[in-house]
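Quick note: the sequence shown uses numbering that gives the first Met the number 0, first residue 0, plus one each step. Virtual Cβ for every residue (Gly too), placed ideally from N, Cα, C. Note that the structure is predicted; figures quoted are calculated from it, not measured. The structure under discussion appears below in the form of C-alpha cells.
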Amino acid sequence: MVEMRQFWNKYVLHNGMAWLAAALVVIGAAVYLPAALMTSGQAAGRKIPIYSVETEKKQVALSFDAAWGNEDTSKILDILEKHQIHSTFFMTGGWVEKYPEDVQRIAQAGHDLGNHSQNHKEMSRLDSGQARDEIMKVHESVKELTGKSMELFRPPYGDYDDELISTAENCGYLPIQWSVDSLDWKNYGVEDIVNRVLNHKELRSGAIILMHNGAKYTAQALEALISGLEEKGYEIVPVSRLIYQENYQIDQEGRQFPG
C-alpha cells in the first residue's frame, strides 16, 4: 500500500490525471490477467501452436510426418488397423503427388489428413503470401484426391513465427506441434524409439507424439510402442480427437486448455 500511495503521488504531481489513468489500466491488466495463460492461440504476447493438451482423459495422439519415402507406409497402416488405432499423417505436397494411393488409403482408413506444407521449407523465412501458397497448394491437392479438407497444419522442422501461425489460421488451420519426439529419424534403432517415447518426461495425458513414416526403424518399433502405451493405460487417438477445436486457451509452453 505504501508503494501504491507513492506511485499515486508521483503521477498526480508530475504527470496529471490522464497519465495516472493510463498507468492504472496497465497495472490492472498485469494484476488480473494470468501471465501464463492468454487468449486462444496466443501466450505471453506470442502466437503458439498446440504442443499438447490438458485433459482428464488418459489419451495421447500418435502423429506421423510424411515427407519422404513410402516403403513402410503400408506396414504402418496395417499395424494401426490391427490395433484399431487411428492416427494423424502430416503430408507434404511432394509426398502426396508421389504416393496418391497411400494418401487415399490413409483417408479411407479414417486417419487424420494433416498439412505439412507443399515443399517442406523453413516457413518463418517466407512472407505471408508465400506461406499461404505452401499451405493451400497441398490443401487443394488432398481435397481433389480424397474429397476431404485438411484442418491441421504442422510447420516443417517445427519452424514458425507469429506471421506463419496467423497465416495458417486464416487458411482455416489449427497449427500443431508435438510434446514427445521419438527422434526416429536419427535411426538409433527400434529399442531407442520405444524407450525414448515410453520414458519421455512429457509422456502424459494429452501428449502429442512425433514420428515419421519414412524413418528406418519406425514401422519395426510401432507394435511395441503401441503395446507399451496401452500397458500404461493410454488410449491412442488422432490429433483431431485429442485437441479442443474451439473455446480454448494456450499457455506459454503450448499446452492447450479448455475455456
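Exposure label - residue i; buried when at least 16 CB within 10 Å
i, result
"K200", "exposed"
"R124", "exposed"
"Y172", "buried"
"Y156", "exposed"
"Q83", "exposed"
"D101", "buried"
"S226", "exposed"
"H211", "buried"
"Q244", "exposed"
"K147", "exposed"
"K97", "exposed"
"S127", "exposed"
"D158", "exposed"
"D77", "exposed"
"G44", "exposed"
"Q248", "buried"
"K46", "buried"
"D161", "exposed"
"D250", "buried"
Helix, strand or coil at residue i according to DSSP, with G and I counted as helix
i, result
"M135", "helix"
"P237", "coil"
"A206", "strand"
"P48", "coil"
"N8", "Note on N8: pLDDT 41, under 50, position unreliable in the model; the coordinate value appears next. Helix."
"Q251", "coil"
"P257", "strand"
Cβ-Cβ separation, residue j to residue i (assumed contact under 8 Å), whole Å
i, j, result
"K57", "G232", "5 Å"
"N118", "I134", "That belief does not hold up - the Cβ atoms of N118 and I134 are roughly 11 Å apart, past 8 Å."
"G188", "Y216", "6 Å"
"L221", "V196", "In fact, because the Cβ distance is near 11 Å, the residues do not count as touching under 8 Å."
"S62", "I207", "6 Å"
"V236", "A60", "6 Å"
Proximity test, Cβ basis, 7 Å: residue i and chain D
i, result
"D101", "Of the chains in the structure shown, none is chain D; there is only one protein chain."
Check your understanding: So does the segment 181-200 actually touch the segment 82-99, counting three or more Cβ pairs closer than 8 Å?
Key -> no
**Study point:** contact_flag[the segment 241-258, the segment 102-113] where n(CB pairs < 8 Å) is 3 or more
**Key:** no
Check your understanding: What are the complete alpha helix (DSSP H) segments, minimum 4 residues, inside the segment 59-124?
Key -> 72-81, 92-97 and 99-107
**Study point:** Every unbroken alpha helix (DSSP H) within the segment 160-194, with a cutoff of 4 residues, ordered by chain
**Key:** Runs of the alpha helix (DSSP H) inside the segment 160-194: 161-169.
Point to revise | Any 3 or more C-beta pairs closer than 8 Å across the segment 239-250 and the segment 65-72 | key: no
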